[in-house]
């Protein structure tokens, strides 16, 4: 079946103020109830996820697979470096107790 015809282009219908809509018994939609509905906003978590997703998709290459290996290698290197540092710090205090009496 053919798609239904689209409405003719023209100006949108005038917006009814929320108070007038409530007085006339019309239901208020979410867009009409909030004055900020036209603005787009994101939480800090959404913004961070968008930045990380963009970084993962575009840096250092355009290939997601290569980027996955790149970031995996960087993460593994950081974990190994961190663990080596922690073990070195923990081992420094034990050297005096393990001296040999030759």
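Numbering (our numbering), first residue to last: 23 to 124. For every residue, glycine included, the Cβ atom is placed at its ideal position computed from N, Cα and C.
7 Å Cβ cutoff, residue i in contact with chain D
i          : result
residue 89 : Of the protein chains in this structure there is only one, and it is not chain D.
Cβ-based neighbour list, residue i, same chain, cut-off 6 Å, excluding 5 preceding and 5 following
i          : result
residue 26 : none
Three-state class that DSSP yields for residue i in the structure shown
i           : result
residue 107 : helix
residue 67  : helix
residue 97  : helix
residue 24  : coil
residue 112 : helix
residue 81  : coil
residue 62  : coil
Close beta carbons around residue i, own chain, < 8 Å, minus the five adjacent residues each side
i          : result
residue 81 : 89
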